[in-house]
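Down below is the structure, laid out as structure tokens.
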Amino acid sequence: MLKAGVLLSAVLLVAACGDPLAELPRFSDVEVADTDPIAAALPSEDEVAREGFFGTAATAQQSPDQPLVDPVVTAPEQKRGLFGRLRGAMAQNTKPSGGADETLSAVEFEAAKSAESVATSEQTVLLERPAELSPLKASSRGGFFSRLTSNQPAPTAKSNLVEVEYGAVVPYGEMARSCASKRKPLGKKVHTTSSSGHTLYDSNPASTGMRTFYILGFDDGCPRQLTAAQVHLGEPSFYEQLHYGPAGQHLAVGATDKAYESVKGRVCGARKGKPCGSKMKRLERTTFFVNSYERLNENRRWSEQLVHDGQVVASSMKSNG
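Just remember that the working numbering sits 2 ahead of the position in the sequence shown, which is counted from 1.
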């Protein structure tokens with residue numbers, strides 16, 4: 003009995019040490035057909051082209067002939083209107099010398115004025131906002147933020163003058179704006195108004211003929227220019243001494259005189275033909291006359307322009323005879 007038990011234990015021990023998978027076929031012994039699908043460790047070229055590699059876009063792969071740098075795209079040239087072509091012509095045909103042969107013709111200048119007027123009116127319409135969309139006026143009982151925003155200055159009004167390049171010469175009797183003349187040589191300072199602070203510059207003081215004069219002191223920082231042999235900046239107080247005195251009835255009257263009465267009435271509250279009075283200093287801070295002459299020491303015919311709040315509100319050609 004004991005002998006049979008020992009023999010059974012030996013058989014079980016040998017069976018436990020055997021390989022239970024010995025009868026299963028090995029992978030290396032299995033014949034695989036060439037057409038059977040096989041998982042590759044790396045993607046094929048077709049898969050990379052179709053799906054990308056490691057999350058990159060399939061289209062990111064470039065061919066050897068494709069340049070690595072994107073080609074430069076040139077923007078199409080914008081078409082310019084009449085006023086734009088006129089500015090370009092003035093920039094090409096003028097130089098800072100200010101010779102009379104560089105003067106723009108009256109036809110060109112009038113065309114530019116018409117184009118500028120249309121452009122200004124179009125921008126004005128676009129800038130106007132309906133009443134229901136306009137911001138509410140700051141209340142006198144508003145909070146801290148409303149008190150800060152209510153004191154912000156209003157934007158500077160757009161100039162109503164033709165814009166010209168530095169060195170362009172405008173026709174006599176006309177005034178233009180030249181932002182291109184900022185920080186450029188303008189000549190010699192010859193006069194400054196006492197109240198408004200506008201300064202007159204003569205581009206060629208040694209000349210007695212027609213030349214360019216510049217006026218500085220406007221809010222936008224751009225010089226205004228005109229062509230003449232002689233220019234004077236006149237303040238309202240001097241104007242009233244001449245026109246409201248005994249000799250005033252013999253002086254020529256034009257659009258500038260009518261415009262002055264309107265401006266004076268709004269600022270001073272004075273009636274037509276009456277002096278401004280105690281508010282003259284306030285009027286002179288925003289208003290002055292520009293008188294220009296074609297010939298030196300000759301005052302039989304002149305051009306007069308009235309400037310108020312940085313805008314030319316009226317122009318007149320006047321004559322004594």
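Note that CB positions come from ideal geometry on N, CA and C, so glycine has one too.
Every value quoted in this text rests on a predicted model; they were computed, and no experiment measured them.
Outcome for residue i when other beta-carbon atoms lying within 10 angstroms are tallied against a minimum of 16
i           : result
residue 252 : exposed
residue 185 : exposed
residue 300 : exposed
residue 248 : exposed
residue 271 : exposed
residue 196 : exposed
residue 243 : exposed
residue 81  : Any reading at residue 81 needs caution, since the residue's pLDDT is 48, under 50, leaving its predicted position unreliable; the model's value is listed next. Classification of residue 81: exposed, given that the 10 Å Cβ count is below 16.
residue 235 : buried
residue 310 : buried
residue 169 : buried
residue 280 : exposed
residue 289 : buried
residue 298 : exposed
residue 77  : Because the pLDDT of residue 77 is 43, which lies under 50, any placement of that residue in the model is unreliable, and the question is left without a value.
residue 210 : exposed
According to DSSP, residues forming a beta bridge with residue i
i           : result
residue 190 : 204
residue 320 : 304
residue 213 : 230
residue 295 : 232, 304
residue 178 : 164, 227
residue 289 : 310
residue 218 : 201
C-alpha gap between residue i and residue j, whole angstroms
i           : j           : result
residue 228 : residue 273 : 32 Å
residue 317 : residue 255 : 11 Å
residue 214 : residue 239 : 27 Å
residue 223 : residue 230 : 22 Å
residue 179 : residue 189 : 17 Å
residue 1   : residue 199 : Coverage of the chain is limited to positions 3 through 323, which leaves residue 1 absent and any answer about it impossible.
residue 284 : residue 269 : 8 Å
residue 262 : residue 282 : 13 Å
residue 163 : residue 277 : 29 Å
residue 321 : residue 220 : 29 Å
residue 165 : residue 176 : 12 Å
residue 295 : residue 305 : 7 Å
residue 291 : residue 259 : 10 Å
residue 293 : residue 173 : 15 Å
residue 257 : residue 267 : 16 Å
residue 202 : residue 250 : 27 Å
residue 264 : residue 286 : 15 Å
residue 127 : residue 171 : Because residue 127 carries a pLDDT of 33, less than 50, the predicted location of this residue cannot be relied on, and the following value inherits that uncertainty. One C-alpha to the other measures close to 31 Å.
residue 348 : residue 160 : Because the chain is modelled from 3 through 323, residue 348 falls outside the range shown and cannot be assessed.
residue 307 : residue 212 : 18 Å
residue 315 : residue 241 : 16 Å
Minimum C-alpha distance to residue i - residue among the options
i           : options            : result
residue 218 : 192, 208, 242      : 192
residue 207 : 315, 232, 221, 173 : 232
residue 187 : 205, 302, 250      : 205
residue 302 : 287, 289, 319, 315 : 319
residue 246 : 266, 275, 265      : 275
residue 194 : 241, 209, 216, 211 : 216
residue 182 : 209, 225, 237      : 225
Test: residue i CB closer than 7 Å to a CB of chain D
i           : result
residue 299 : Among the protein chains of the structure shown there is no chain D, as only one such chain exists.
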